[in-house]
Amino acid sequence: AQKVTQAQTEISVVEKEDVTLDCVYETRDTTYYLFWYKQPPSGELVFLIRRNSFDEQNEISGRYSWNFQKSTSSFNFTITASQVVDSAVYFCALSPPNFGNEKLTFGTGTRLTIIP
Amino acid sequence: DSGVTQTPKHLITATGQRVTLRCSPRSGDLSVYWYQQSLDQGLQFLIQYYNGEERAKGNILERFSAQQFPDLHSELNLSSLELGDSALYFCASSPGQSSPLHFGNGTRLTVT
Numbered sequence: 007a008q009k010v011t012q013a014q015t016e017i018s019v020v021e022k023e024d025v026t027l028d029c030v031y032e033t034r035d036t037t038y039y040l041f042w043y044k045q046p047p048s049g050e051l052v053f054l055i056r057r058n059s060f061d062e063q064n065e066i067s068g069r070y071s072w073n074f075q076k077s078t079s080s081f082n083f084t085i086t087a088s089q090v091v092d093s094a095v096y097f098c099a100l101s102p103p104n105f106g107n108e109k110l111t112f113g114t115g116t117r118l119t120i121i122p
Numbered sequence: 000d001s002g003v004t005q006t007p008k009h010l011i012t013a014t015g016q017r018v019t020l021r022c023s024p025r026s027g028d029l030s031v032y033w034y035q036q037s038l039d040q041g042l043q044f045l046i047q048y049y050n051g052e053e054r055a056k057g058n059i060l061e062r063f064s065a066q067q068f069p070d071l072h073s074e075l076n077l078s079s080l081e082l083g084d085s086a087l088y089f090c091a092s093s094p095g096q097s098s099p100l101h102f103g104n105g106t107r108l109t110v111t
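From first to last, the protein sequence lines stand for chains S and X.
Under the numbering used here, read the first sequence as residues 7 to 122, first letter to last.
Under the numbering used here, read the second sequence as residues 0 to 111, first letter to last.
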């Protein structure tokens with residue numbers, strides 16, 4: 007069985023601070039995909055990143071960076087120099103590649119509020 | 000803009016009624032997925048269609064059904080609605096099984 011835990015239900019930081027959103031996962035699969043999605047106040051779900059379990063290199067995209075550590079089953083997401091537009095609910099998700107998206111398991115989300 | 004279009008944006012109806020939610024996938028995407036997002040259950044996979052055929056079923060109630068048409072748009076039918084069916088219903092599409100999902104803006108259903 008797959009499980010994704012986002013222990014931080016809500017986080018508030020002041021604008022320009024860095025913030026890290028934690029994601030811990032459980033799976034018996036040896037290969038899998040990890041995802042982050044953003045849900046802004048407008049409600050849509052925006053795809054941010056997908057990582058293959060084979061690739062443990064950290065990734066940076068602008069102010070966003072992701073730290074994948076297989077040893078601790080974590081896939082944390084850091085926003086550097088946060089902005090008000092980063093306020094949203096962020097979901098971490100997990101899927102086994104062989105079974106596709108119907109096995110996509112989402113965490114419960116972390117609500118991030120950036121205070122101006 | 001994800002390219003996935005969902006209509007209507009909001010729907011308010013009474014218990015016992017039936018509604019149809021519509022989804023147009025991104026151009027070229029053959030797979031359509033339906034998800035339900037509620038406060039108590041989080042994001043739950045309901046059902047997947049691939050090129051017109053049902054491919055996978057998740058936690059979908061028997062009162063709910065879906066189909067995908069030859070033009071690849073999909074409809075989710077919810078019947079005998081209950082208060083607990085109030086939720087945000089998302090459609091997502093992808094070109095293949097293991098490609099990332101791209102979600103529409105959702106349909107917010109309120110059952111009164």
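The beta-carbon is built from N, C-alpha and C at its ideal position, and this holds for glycine as well.
Could you check what DSSP says for residue i in three-state terms: helix, strand or coil?
i: Ser77/S; result: helix
i: Leu82/X; result: helix
i: Val3/X; result: coil
i: Lys8/X; result: coil
i: Lys22/S; result: coil
Compute the beta-carbon to beta-carbon distance between residue i and residue j, rounded to the nearest angstrom, for a pair I have assumed lies under 8 Å.
i: Thr36/S; j: Thr116/S; result: With a Cβ gap of about 27 Å, Thr36/S and Thr116/S do not count as contacting.
i: Gln5/X; j: Gly103/X; result: 4 Å
i: Asp28/S; j: Asn82/S; result: 5 Å
i: Asn58/X; j: Leu29/X; result: Wrong, their Cβ atoms sit about 23 Å apart, outside the cutoff.
i: Ser73/X; j: Tyr34/X; result: Rounded, the Cβ-Cβ distance is 12 Å, inconsistent with contact.
i: Phe89/X; j: Gln36/X; result: 6 Å
I'd like to know if residue i contacts chain S, where contact means its C-beta is closer than 8 Å to some C-beta of that chain.
i: Pro94/X; result: no
i: Gly51/X; result: no
i: Leu108/X; result: no
i: Ser64/X; result: no
Any beta carbon of chain X sitting closer than 8 Å to that of residue i?
i: Thr116/S; result: no
i: Glu50/S; result: yes
i: Phe83/S; result: no
i: Leu110/S; result: yes
i: Phe74/S; result: no
i: Phe97/S; result: yes
Under DSSP, the beta strand (DSSP E) around residue i begins and ends at which residues?
i: Gln66/X; result: 63–67
i: Tyr38/S; result: Here Tyr38/S belongs to no beta strand (DSSP E), and DSSP marks it neither H nor E.
i: Ser93/S; result: From DSSP, Ser93/S is part of no beta strand (DSSP E); its letter is neither H nor E.
i: Ser67/S; result: 65–67
i: Ile121/S; result: 116–121
What residues of chain X sit near residue i, judged by a beta carbon separation below 8 Å?
i: Arg56/S; result: Pro99
Name the chain S residues whose beta carbon is nearer than 7 Å to that of residue i?
i: Ser79/X; result: Near Ser79/X there are no residues of chain S at all, since even the closest Cβ is about 25 Å away, more than 7 Å.
Using a C-beta to C-beta distance shorter than 7 Å, which residues of chain X count as neighbours of residue i?
i: Tyr41/S; result: Before going on, a small fix: residue 41/S reads as Phe here, not Tyr. By Cβ distance, chain X contributes Pro99.
Find the residues of chain S that neighbour residue i, judging by a C-beta separation of less than 9 Å, and give them in chain order.
i: Asn104/X; result: Ser48, Gly49, Glu50, Leu51
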